[in-house]
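Here's the structure, in structure tokens; my notes come after.
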Amino acid sequence: MIKSANQHPVFSLISHEGNTHYRVPPYQREYSWQKPQWEELFDDLVESESAHFLGTIICLNSTTDTVEANVLELIDGQQRMTTITLLLAAIHAVLEAHKEDLDDDSRADLANLRRQLIRKQDGQPRLRPQRQGHNLADYVTILNNAGLPVDPKPVNYRPLRKVARCFAHFQSEISDYAVDQGIPVVEAAQRILSAVSRAIIVKIEVDTHADAFVLFESLNNRGMPLTPVDLIKNHLLAESERRNVMDVDAAFKEWNTMLSNLGDNYATQERFLRHYYNAFKGQLPPVAKATLATRSNLIRIYEVQVAAGVRQFLDGVVPASAVYGRISGRNSQELPLDRELTALARAQGAPSYVLLLFLMVDQAKRRFTDDDLVAVTRLLTNFFVRRNLTGFPQTYALPRIFMDIIDELANDPDADVSGVVLQSISPQSVTDDAFRERLLGPVYEDNSDVTRFILTSLAEDAMTKENTQDLWGREKNHYVWTIEHILPQGQNLPPAWQQILGGAEAARQAQDQHVHRLGNLTITGYNSSLGNKSFEEKKQRTDAKGNSIGFKNGLKLNEDVVSESEWTVKHIDRRTEKIAQRVLDRFPLSI
Numbered sequence: 000m001i002k003s004a005n006q007h008p009v010f011s012l013i014s015h016e017g018n019t020h021y022r023v024p025p026y027q028r029e030y031s032w033q034k035p036q037w038e039e040l041f042d043d044l045v046e047s048e049s050a051h052f053l054g055t056i057i058c059l060n061s062t063t064d065t066v067e068a069n070v071l072e073l074i075d076g077q078q079r080m081t082t083i084t085l086l087l088a089a090i091h092a093v094l095e096a097h098k099e100d101l102d103d104d105s106r107a108d109l110a111n112l113r114r115q116l117i118r119k120q121d122g123q124p125r126l127r128p129q130r131q132g133h134n135l136a137d138y139v140t141i142l143n144n145a146g147l148p149v150d151p152k153p154v155n156y157r158p159l160r161k162v163a164r165c166f167a168h169f170q171s172e173i174s175d176y177a178v179d180q181g182i183p184v185v186e187a188a189q190r191i192l193s194a195v196s197r198a199i200i201v202k203i204e205v206d207t208h209a210d211a212f213v214l215f216e217s218l219n220n221r222g223m224p225l226t227p228v229d230l231i232k233n234h235l236l237a238e239s240e241r242r243n244v245m246d247v248d249a250a251f252k253e254w255n256t257m258l259s260n261l262g263d264n265y266a267t268q269e270r271f272l273r274h275y276y277n278a279f280k281g282q283l284p285p286v287a288k289a290t291l292a293t294r295s296n297l298i299r300i301y302e303v304q305v306a307a308g309v310r311q312f313l314d315g316v317v318p319a320s321a322v323y324g325r326i327s328g329r330n331s332q333e334l335p336l337d338r339e340l341t342a343l344a345r346a347q348g349a350p351s352y353v354l355l356l357f358l359m360v361d362q363a364k365r366r367f368t369d370d371d372l373v374a375v376t377r378l379l380t381n382f383f384v385r386r387n388l389t390g391f392p393q394t395y396a397l398p399r400i401f402m403d404i405i406d407e408l409a410n411d412p413d414a415d416v417s418g419v420v421l422q423s424i425s426p427q428s429v430t431d432d433a434f435r436e437r438l439l440g441p442v443y444e445d446n447s448d449v450t451r452f453i454l455t456s457l458a459e460d461a462m463t464k465e466n467t468q469d470l471w472g473r474e475k476n477h478y479v480w481t482i483e484h485i486l487p488q489g490q491n492l493p494p495a496w497q498q499i500l501g502g503a504e505a506a507r508q509a510q511d512q513h514v515h516r517l518g519n520l521t522i523t524g525y526n527s528s529l530g531n532k533s534f535e536e537k538k539q540r541t542d543a544k545g546n547s548i549g550f551k552n553g554l555k556l557n558e559d560v561v562s563e564s565e566w567t568v569k570h571i572d573r574r575t576e577k578i579a580q581r582v583l584d585r586f587p588l589s590i
């Protein structure tokens with residue numbers, strides 16, 4: 000079934016000397032990765048101290064003429080490969096723009112990069128996305144814009160779609176990385192190119208489509224291989240037995256206590272181990288060349304911690320895991336602090352858990368109260384609302400921000416905790432003007448989860464004990480209350496919408512440019528029943544008993560919507576400005 004399965008550096012998979020052509024089959028879904036996946040890929044690459052593992056791709060060899068091209072269909076891995084090549088295109092754009100500053104070796108590297116993305120034999124992209132969702136046209140146009148020798152295929156409103164947004168995101172990441180590292184942008188691009196080129200992908204080739212789909216199902220149903228957390232546990236138990244300092248069963252029981260405190264989510268378990276080291280690095284046995292715990296060095300870090308003493312290691316991580324369980328919502332105590340911690344989680348503030356872990360573990364030794372922790376957590380929530388909508392500061396910069404705060408507090412046990420946190424994060428956050436600018440744009444597309452958090456926060460602020468609704472309730476793993484686009488985002492707008500927006504073309508432009516803005520968004524428990532209905536139908540919608548399930552659902556958030564007789568770009572603009580100001584007031588960076 001499997002023709003071959005080998006690991007390859009990226010530079011050899013898309014070698015400038017080869018004639019391999021990767022083709023995404025037409026039945027594959029369109030490109031769907033978004034900002035969280037782009038950020039994770041970029042951060043993993045820049046943080047990695049060795050060759051980063053990028054995962055597995057499954058290919059079907061569809062070659063008909065080996066002289067013309069070695070054609071591989073991407074049965075699995077098209078999202079990853081598309082994103083990697085878009086990152087390489089962004090690097091090429093930077094280097095091409097500064098070509099005059101490059102030495103001979105760097106110019107040769109640039110030429111090789113060009114051939115990694117565009118095949119010399121026929122001038123075609125080495126990766127060919129499918130046409131669905133304009134993926135191919137957008138991709139080729141982006142390569143052309145990056146200075147690569149390929150004919151563009153321009154289509155309307157390309158900058159609003161994911162392929163173009165991914166490319167623009169990586170261009171911004173490279174520039175921000177250069178500023179963060181204090182190096183020229185050319186050097187930043189070259190560093191990232193080196194990290195991408197040496198990153199590892201496992202390429203599995205199969206003979207038939209049937210083999211490919213069987214293998215795909217097998218890999219997805221078999222379960223995950225041993226994780227770093229599993230390997231650290233195994234090392235702990237082996238050391239317990241080898242050193243005869245602790246009964247293996249007792250060590251295993253304490254390890255399971257730690258996992259029980261953290262819950263079954265592997266991401267939480269791994270993040271705790273990273274945050275524990277980063278929070279208490281100054282108090283733990285030193286690890287060479289590990290100033291920061293990352294996915295790639297986690298095993299090495301904890302091999303050192305366990306080797307320094309099994310009992311010492313467990314005495315540290317087990318109590319800390321109970322605190323982390325509370326921070327992450329596993330062991331909530333339903334106190335004001337827990338409510339703030341819940342808000343922080345909903346605002347995607349997990350990177351700051353490292354700071355809260357340090358504060359809460361050491362709280363007994365310090366002169367601050369739960370009220371201080373409440374104030375700090377609220378500040379962090381406001382910081383992450385701003386950060387996750389604007390993308391600033393960069394994800395890879397966040398650990399250092401919070402570790403610097405930890406260092407400052409560790410050196411001054413009597414410091415005003417809230418004051419130190421505020422003074423440290425304020426300069427790292429965007430200005431109110433920059434935040435407002437992002438709030439006026441397509442926030443739902445930028446970060447739908449944080450947008451939902453903003454809308455629910457504004458709605459909850461207007462509730463009383465007589466009309467309180469649980470806007471975070473779930474049914475079958477989905478939120479009951481979800482974001483509703485007042486002007487629908489779907490295609491084939493009904494005539495009623497086209498009419499009030501000035502015709503079919505004007506309606507399409509209104510959708511493309513305004514549908515994801517704050518002013519066009521609300522929350523409802525009946526999203527599926529509203530859909531593409533007319534504005535009037537959405538306002539007046541009732542259930543079988545005559546209860547309002549449209550915009551007249553009682554939320555103060557909708558008062559200005561239900562008072563309108565039509566819904567146009569002008570109304571979206573006006574409501575966007577109004578809500579943006581409320582968000583600025585609601586999430587300030589102040590105590």
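590 is the number that numbering that gives the first Met the number 0 gives the last residue of the sequence shown; the numbers go up by one with no jumps.
By construction, the Cβ of each residue, glycine as well, lies at the ideal position given by its N, Cα and C atoms.
Note that the structure is a prediction, hence the values are computed from the model and not measured.
Determine the extent of the alpha helix (DSSP H) in which residue i is found, giving its start and end residues.
{"i": "residue 418", "result": "416-424"}
{"i": "residue 375", "result": "369-389"}
{"i": "residue 412", "result": "Counting along the chain, residue 412 falls outside any alpha helix (DSSP H), and DSSP gives it neither H nor E."}
{"i": "residue 534", "result": "534-539"}
{"i": "residue 30", "result": "No alpha helix (DSSP H) contains residue 30, which DSSP labels as neither H nor E."}
{"i": "residue 297", "result": "297-306"}
{"i": "residue 434", "result": "431-438"}
Given a cut-off of 8 Å, decide if residue j and residue i are closer than it, judged by their beta-carbon atoms.
{"i": "residue 598", "j": "residue 53", "result": "In the structure as shown, the chain begins at 0 and stops at 590. Residue 598 is therefore absent and cannot be evaluated."}
{"i": "residue 520", "j": "residue 430", "result": "no"}
{"i": "residue 30", "j": "residue 144", "result": "no"}
{"i": "residue 482", "j": "residue 522", "result": "yes"}
{"i": "residue 122", "j": "residue 151", "result": "no"}
{"i": "residue 247", "j": "residue 239", "result": "yes"}
{"i": "residue 87", "j": "residue 115", "result": "yes"}
{"i": "residue 281", "j": "residue 409", "result": "yes"}
{"i": "residue 18", "j": "residue 202", "result": "no"}
{"i": "residue 162", "j": "residue 9", "result": "no"}
{"i": "residue 513", "j": "residue 442", "result": "no"}
In whole angstroms, what is the alpha-carbon distance linking residue i and residue j?
{"i": "residue 193", "j": "residue 113", "result": "15 Å"}
{"i": "residue 284", "j": "residue 309", "result": "12 Å"}
{"i": "residue 446", "j": "residue 436", "result": "15 Å"}
{"i": "residue 422", "j": "residue 401", "result": "12 Å"}
{"i": "residue 3", "j": "residue 15", "result": "22 Å"}
{"i": "residue 444", "j": "residue 160", "result": "10 Å"}
{"i": "residue 499", "j": "residue 25", "result": "37 Å"}
{"i": "residue 339", "j": "residue 377", "result": "6 Å"}
{"i": "residue 117", "j": "residue 125", "result": "5 Å"}
{"i": "residue 40", "j": "residue 257", "result": "29 Å"}
{"i": "residue 166", "j": "residue 176", "result": "15 Å"}
Taking 7 Å as the limit between beta carbons, can you name the residues of its chain near residue i, skipping five residues before and five after?
{"i": "residue 581", "result": "457"}
{"i": "residue 146", "result": "91, 92 and 95"}
{"i": "residue 261", "result": "267, 268, 271, 320, 323, 324 and 329"}
{"i": "residue 405", "result": "278, 354 and 357"}
{"i": "residue 479", "result": "472, 473 and 524"}
{"i": "residue 413", "result": "366"}
{"i": "residue 49", "result": "295"}
{"i": "residue 44", "result": "51, 191, 194, 195 and 198"}
Let's see if you can read the secondary structure: which residues bound the beta strand (DSSP E) around residue i?
{"i": "residue 119", "result": "Segment: none, residue 119 is in no beta strand (DSSP E) and carries neither H nor E."}
{"i": "residue 324", "result": "Careful: residue 324 lies outside any beta strand (DSSP E), inside the alpha helix (DSSP H) at 309-326."}
{"i": "residue 573", "result": "Note, residue 573: premise wrong, no beta strand (DSSP E); alpha helix (DSSP H) at 568-585."}
{"i": "residue 21", "result": "19-22"}
{"i": "residue 201", "result": "199-205"}
{"i": "residue 83", "result": "Careful: residue 83 lies outside any beta strand (DSSP E), inside the alpha helix (DSSP H) at 77-96."}
{"i": "residue 520", "result": "520-523"}
Go through its chain and collect everything with a Cβ distance to residue i's Cβ below 6 Å, but skip five positions before and after it.
{"i": "residue 391", "result": "429"}
{"i": "residue 487", "result": "531"}
{"i": "residue 221", "result": "Annotation note: pLDDT 44 at residue 221 (below 50); position unreliable, no value reported."}
{"i": "residue 560", "result": "550"}
Kindly list the residues whose CB is nearer than 8 Å to the CB of residue i, restricted to its own chain and excluding five residues on each side of it in sequence; keep chain order.
{"i": "residue 61", "result": "22, 70, 71 and 72"}
{"i": "residue 351", "result": "343, 379, 382, 383, 397 and 401"}
{"i": "residue 403", "result": "423"}
{"i": "residue 577", "result": "518 and 559"}
{"i": "residue 326", "result": "340, 352, 355, 356 and 359"}
{"i": "residue 573", "result": "518"}
Suppose only complete runs of 4+ residues qualify. What are the alpha helix (DSSP H) ranges in the stretch 236-295, listed by chain order? Taken in chain order, the whole alpha helix (DSSP H) runs of length 4 or more contained in the stretch 236-295 are 247-261 and 265-279.
In chain order, what are the residue ranges of uninterrupted beta strand (DSSP E) at least 3 long that sit wholly in the stretch 42-74? Complete beta strand (DSSP E) runs here, min 3: 52-60.
Considering only residues of the stretch 447-502, which uninterrupted alpha helix (DSSP H) runs meet the minimum length of 4 residues and lie entirely inside it, listed in chain order? Under the rule that a run must span 4 or more residues, the alpha helix (DSSP H) segments found entirely inside the stretch 447-502 read 447-460 and 494-500.
Complete runs of the alpha helix (DSSP H) confined to the stretch 124-195 [at least 4 residues]: Within the stretch 124-195, the complete alpha helix (DSSP H) runs of at least 4 residues fall at 134-144 and 161-180.
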